[in-house]
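Trainee: In our numbering, the protein residues as written are 35 to 114.
This is the structure I have questions about; it appears just below.
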């Protein structure tokens, strides 16, 4: 990192957190370039798909209780 960049970083780190976050947000927006609605839509669709898959795999309280029981047993056997 160049000396001017180090100086700038030092100055930014001295700012209040909201100002640091604003600078980070602006830098990321600049580096990402123009918004891509197709990419955003694809991410949202993937998140929905993963959520639905997870929700289906733990669809009942009985299944959740069974998973919790297996986790407790596994964790307690490690402590021995």
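We put the beta carbon where it would ideally sit given N, CA and C, even for glycine.
Out of curiosity, what's the CA-to-CA distance linking residue 43 and residue 101?
Mentor: Taking the straight line joining both Cα atoms gives about 47 angstroms.
Trainee: Given a cut-off of 9 angstroms, decide if residue 57 and residue 65 are closer than it, judged by their beta-carbon atoms.
Mentor: Taking 9 angstroms as the Cβ cut-off, residue 65 and residue 57 do not qualify as a contacting pair.
Trainee: Residue 100 by DSSP, collapsed to three states: which one?
Mentor: The DSSP-derived three-state label of residue 100 is helix.
Trainee: Assuming residue 53 is part of the alpha helix (DSSP H), what are its boundary residues?
Mentor: 51-66
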